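Worksheet: the structure to be examined is printed underneath.
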Amino acid sequence: MADWLKIPSKSKRREEDIPEPYEIVCVCGVSLSGYRRKAPYRHACQQCTESYFILPRNTYPAPKARKKKKQLPKQQQLSDFIMNSALVSRFRERYKQKQEASNSAAATTAAETKPEISPFELPAPRTRLLTPFRAILSGIILIVGLTGYGILHSRKMEQASETLKTATQTGQELLEQEDLIGANAAYQKAFEALTVLDRTDPAANDIRQTSRELLAINTQAGSPLFEMAEEAVDQIKQSGLDSWKSLFDVRYADTWMIFEATLLPVETQEKVPHSRYRLNLPVLLDEYTLYLDLISPTFEKYLEAHPGQPVIFAAQISGFNQNASRPDTGIIELDGETAFLWSHLDLYKQLGIEFDEFQNRAQVENRLNQQSRFLGLTE
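The sequence shown begins at 748 in my numbering and counts up one residue at a time.
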């Protein structure tokens, strides 16, 4: 079988006279071309002497075409024609209809005649969700849970009562020693204990009031109003308003300020969701004016009941704003949600206030007593 591959066919012999050209590109860039020979040989580049292997002519005969598939026999074609004819299709449909009618009649008969169920074929009884055992177990768990909660709650209340007693006593002793920082820590513990006990009697309200006043005294703003106004003017000139706002938030935001001033409502033409009161304590410089505004104070009813009267109160600083139409005017905004009326004269004196003819001790004491009655600290 290997011998016939060496001998080309007659048609191939006639095609040998037709030349088969080739063309390759050398690594040096020179194009090498020529005609294939009967035997393989090497073609050397004249420029770089690189040689390339050249295949010989194709001496194999061309493959023969495949034979076509055999067609189906005539008998099968005839049977397919008969089965697909109209007559046979009609018979199929009639048979199918009769079979469906018989099946539906059998199903109706089976539904009408219910078979008798023997005792051995009865369905399994349903299990009840609430059985006596489960009810008893649930009751035991509920009783144990309520008992545990009651024990923990009672212990928590006892601990809070003990903390309130010791913290209040310690705070009073530290106040007598004028240790405001230690008294503040003690009264803050008492305040937390009152929150747990949920007491609202006058004694409990007085302890809460004392803790607020001590917190305000110990976390006052680091600079007085006059220094704030001078600092605002210098910072706005040097770095702009936004820089001063950022610096103000870092230094003074959330710190406390304590005032004795008259609060006047600020009237605006536009409807605003929060009420605003302005203190009659403006800081006037040569080229700048600083105002203080209290937004939605918690004691607004007291201001409405005593309009135009001076008020002693404390509030946290919330931010700094400047009037867009008046660049020479600044506003320090006070948080009205944290603001509260002052009530204790002894703590008010701890601010270093010296009573004189302009600030009469009797008037201040009467004002604080009036505010204490409004707060429900006296019976």
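Just so it is clear, CB atoms sit at the ideal spot from N, CA and C, and this is done for glycine as well.
Just so it is clear, the structure is predicted and the values come from calculations on it, not from any experiment.
Label residue i either buried or exposed according to how many other C-beta atoms from any shown protein chain fall within 10 Å of its C-beta, with 16 as the threshold for buried.
i: Q1063; result: buried
i: V1030; result: buried
i: F880; result: exposed
i: G897; result: exposed
i: F1006; result: buried
i: N850; result: exposed
i: S836; result: exposed
i: F1102; result: exposed
i: T915; result: buried
i: Y1024; result: buried
i: N931; result: buried
i: E909; result: exposed
i: A852; result: exposed
i: F1046; result: buried
i: L884; result: exposed
i: E960; result: buried
i: V772; result: exposed
i: S1090; result: buried
i: S1065; result: buried
i: S1119; result: buried
i: Y842; result: exposed
i: F1067; result: buried
Would residue i and residue j qualify as a contact pair, given that the criterion is a beta-carbon distance under 8 Å?
i: A1061; j: A951; result: no
i: L802; j: R789; result: no
i: S958; j: A937; result: yes
i: P1057; j: R1114; result: yes
i: S1043; j: E1084; result: yes
i: Y1035; j: A979; result: yes
i: E770; j: S780; result: yes
i: N965; j: L911; result: no
i: A907; j: L876; result: no
i: L711; j: Q956; result: The shown model of the chain, from 748 to 1126, leaves out residue 711, and the question about it has no answer.
i: L1011; j: Y1049; result: no
i: Q1136; j: C775; result: Because the chain here runs from 748 to 1126, residue 1136 falls outside it and cannot be looked at.
i: L1124; j: D948; result: no
Which of the three DSSP states, helix, strand or coil, is assigned to residue i?
i: T1076; result: strand
i: L876; result: coil
i: F938; result: helix
i: G1099; result: coil
i: A786; result: coil
i: E1112; result: helix
i: V891; result: helix
i: F1006; result: strand
i: F1105; result: coil
i: E920; result: helix
i: G1158; result: Missing from the structure shown is residue 1158; the chain here goes from 748 to 1126 and no further.
| request: Determine contact between the stretch 992-1008 and the stretch 968-978, defined as no fewer than three beta-carbon pairs at a distance below 8 Å. | output: yes
| message | What ranges does the alpha helix (DSSP H) occupy inside the stretch 961-993, keeping only unbroken runs of at least 4 residues that lie completely in it? | response | 972-986
| field | Within the stretch 1025-1088, ranges of the alpha helix (DSSP H) (whole runs, at least 4 residues) | value | 1047-1052
| message | Taking 8 Å as the cut-off, does the stretch 1024-1041 touch the stretch 1092-1103 (at least 3 CB pairs, one atom from each stretch)? | response | no
| said: Across the stretch 910-928 and the stretch 883-890, are there enough close Cβ pairs to call them in contact, namely three or more that are closer than 8 Å? | reply: The stretch 910-928 vs the stretch 883-890: no contact.
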